[in-house]
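Chemist: Quick note on this note's numbering: the sequence shown kicks off at 126 and runs consecutively.
Yeah, the Cβ is synthetic: ideal placement off N, Cα and C, and Gly gets one too.
First the structure, which I've put down as structure tokens, then a few questions once you've had a look.
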Amino acid sequence: MKIICPKCKNPYRTSDNSSRSIRKFGFFYRISDRKKVQRFYCKLCSLHFSVATLSFCYRQKKRQINHRVARQLVSGTSQRECARLMKINRKTVVRKFIFMAERAKLTLEKLNKKRPSIAQLEFDDLETFEHTKCKPISVTLAVESKSRWIVGYEVASMPAKGLIAKLSVKKYGKRHDGRSTARKKLFGRIQKYIASEADIKSDQNPHYVTDVQRFFPRSRHYRYKGRRGCVVGQGELKAGGSDPLFSLNHTCAMARYRISRLIRRTWNTTKKMEMLDLHFALMSLHHNLSLKETSLLRGRTATG
Ligand SMILES: [Zn+2]
């Protein structure tokens, strides 16, 4: 960590060793984990600060469990179960979850920038719901073919389909369809990571064509017919031979396994769309870091 004064942004050490305005000022032992924390004093603005002031975890209690909570939440554990396992309060889990997920979002961006541009992309929507099946949510997921690297995702609300469509309108009113906006937002964000003449694969959804043409004008867009799942209740694993959208479907299936609120036929549901978004960030980071190719990157990027 580079030590700078939080107030006047003066660095502790300069390259030519000219600045001598910050000096060491004793240390203290942090109560929560008994770590020795160096203190500093800035002579320019007479400010006392420490390494802890500059840390992302500033003023957190129990910072030592941050990673363990994140690990639990991407291993199919619910927030309440995580609290029980770790013997901490449920609200502590929520707080740690939000903190780690927001950091994960930043790290995902950093990792995307480090990678070479993507030549083969697959994308599709994963469907889930908030509170009740009458209020469905769609998650547009973009995955690199073969490596299964998650490039990006976007969460949006969508109206209910099929038999419960009428009931949904009657009970909760007309539901906003944010899928198109979310797709455009996702494409706009990941545009810079995709090679100009990339191969883009998706299913035969008619709405996809114009968006792909608009954001990736020189790419080739391949569209495949949607297929039935091979196991009842596991719609992502397709029946009948090789699946052209395997990387994407496999990633979606893994997301359902890793995020407890996405497991099919579970007690566990999403209550807020924003939280599903954060949970996806956490899952995406762990997924990307667990891929074989990132074992090299891992050494260079801090995950927490
Ligand atoms: Zn200062």
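Report yes or no: do the stretch 238-248 and the stretch 265-281 share at least 3 C-beta pairs separated by less than 8 Å?
Modeler: Yes, they touch.
Chemist: Can you pull every residue whose C-beta falls closer than 6 Å to some heavy atom of ligand 1, listed in chain order?
Modeler: After applying the 6 Å Cβ criterion, the set is Cys130, Lys132, Cys133, Asn135, Cys167, Leu169, Cys170 and Leu172.
Chemist: Using 9 Å as the threshold, is the C-beta distance between Ala281 and Ala307 below it?
Modeler: Cβ distance < 9 Å, so Ala281 and Ala307 count as in contact.
Chemist: Which residues bound the beta strand (DSSP E) around Val268?
Modeler: First-last of the beta strand (DSSP E) with Val268: Pro261 to Glu269.
Chemist: Between which two residues does the alpha helix (DSSP H) carrying Val176 extend?
Modeler: First-last of the alpha helix (DSSP H) with Val176: Val176 to Leu179.
Chemist: Taking the beta strand (DSSP E) that Ala244 belongs to, which residues open and close that run?
Modeler: Note, Ala244: beta strand (DSSP E), Ile243 to Phe254.
Chemist: Please tell me whether Lys309 and Phe340 are closer than 9 Å, where the distance is taken between their beta carbons.
Modeler: Yes. Within cutoff.
Chemist: Looking at Val199 and Ile384, is the spacing between their C-beta atoms short of 9 Å?
Modeler: Taking 9 Å as the Cβ cut-off, Ile384 and Val199 qualify as a contacting pair.
Chemist: Classify Glu399 as buried or exposed, calling it buried when 16 or more other Cβ atoms lie within 10 Å of its own Cβ.
Modeler: Exposed, because fewer than 16 other Cβ atoms sit within 10 Å of the Cβ of Glu399.
Chemist: Classify Cys133: buried if its beta carbon has 16 or more other beta carbons within 10 angstroms, exposed otherwise.
Modeler: When all chains shown are included, Cys133 counts as exposed.
Chemist: Alpha carbon to alpha carbon, what distance is there between Asp336 and Arg343?
Modeler: Spanning the two alpha carbons is a distance of roughly 13 Å.
Chemist: Considering just the uninterrupted stretch of the alpha helix (DSSP H) at Val294, what are its terminal residues?
Modeler: Ala290 to Tyr297 is the extent of the alpha helix (DSSP H) around Val294.
Chemist: Please check if any C-beta of chain C sits within less than 9 Å of the C-beta of Lys187.
Modeler: No chain C is present in this structure, which holds just one protein chain.
Chemist: Per DSSP, which one or two residues make a beta bridge with Leu373?
Modeler: Beta-bridge pairing links Leu373 to no other residue.
Chemist: Look up Asp328 in the DSSP assignment and give the residues it is bridged to.
Modeler: Partner(s): Tyr349.
Chemist: At a cut of 8 Å, does the stretch 230-238 reach the stretch 210-222 through at least three beta carbon pairs?
Modeler: Contact fails: fewer than three Cβ-Cβ distances are below 8 Å.
Chemist: Count the CB pairs spanning the stretch 391-407 and the stretch 208-216 that are closer than 8 Å, and state whether there are at least three.
Modeler: Flag = no, the stretch 391-407 and the stretch 208-216 do not touch.
Chemist: Please list the segments of the beta strand (DSSP E) lying wholly inside the stretch 150-209, counting only runs of 3 or more residues, in order along the chain.
Modeler: Segments of the beta strand (DSSP E) lying fully in the stretch 150-209: 161-167 and 172-175.
Chemist: Determine, using beta-carbon pairs with one atom in the stretch 343-354 and one in the stretch 251-271, whether at least three such pairs fall under 8 Å.
Modeler: Short answer: they don't touch.
Chemist: Determine whether the beta carbon atoms of Arg148 and Lys168 lie at a separation below 9 Å.
Modeler: For Arg148 and Lys168, yes; Cβs fall inside 9 Å.
Chemist: Out of Leu266, Pro261, Met283 and Asp324, which one is the CA nearest neighbour of Ala380?
Modeler: Checked all of Leu266, Pro261, Met283 and Asp324; the closest Cα to Ala380 is Leu266.
Chemist: Consult DSSP for Arg300 and reduce its assignment to one of helix, strand or coil.
Modeler: Reduced to three states, the DSSP call for Arg300 is coil.
Chemist: Could you tell me which of Ser327, Arg389, Thr391 and Leu416 sits nearest to Asn374, measuring between CA atoms?
Modeler: Checked all of Ser327, Arg389, Thr391 and Leu416; the closest Cα to Asn374 is Ser327.
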